[in-house]
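J.: Numbering (this note's numbering), first residue to last: 78 to 143. Each residue gets a CB set at the ideal place from its N, CA and C atoms; glycine is no exception. Because the structure is a prediction, the values reported are computed rather than measured. Just dropping this structure here.
This is the structure we're talking about:
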């Protein structure tokens, strides 16, 4: 299946959950915000939400620094 991940087309195998995608592309899940099709998704729901063909997913990571 093909989705848009952070503005780029991405091919995925199978039917992954949002959590699967976050683990694969942003393994530091404590500092990641997920926006799926324009809606922020809270991390307790990541296992419940299945990614579908054509979804638009943005993963935003927070990085500390000074």
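Could you please give the first and the last residue of the uninterrupted alpha helix (DSSP H) stretch that includes residue 99?
T.: 95-102 is the extent of the alpha helix (DSSP H) around residue 99.
J.: Per DSSP, residue 110 forms a beta bridge with which residues?
T.: Per DSSP, 137.
J.: Confirm, please, whether the CB-CB distance from residue 82 to residue 126 is below 7 angstroms.
T.: Against a cut-off of 7 angstroms, the Cβ pair of residue 82 and residue 126 comes out as no contact.
J.: What is the residue span of the beta strand (DSSP E) that residue 80 lies within?
T.: Per DSSP, residue 80 belongs to the beta strand (DSSP E) from 79-82.
J.: Could you tell me the distance, in whole angstroms, from the CA atom of residue 139 to the CA atom of residue 93?
T.: Cα-Cα distance, rounded: 24 angstroms.
J.: Do residue 110 and residue 137 have their CB atoms nearer than 7 angstroms?
T.: Yes. Within cutoff.
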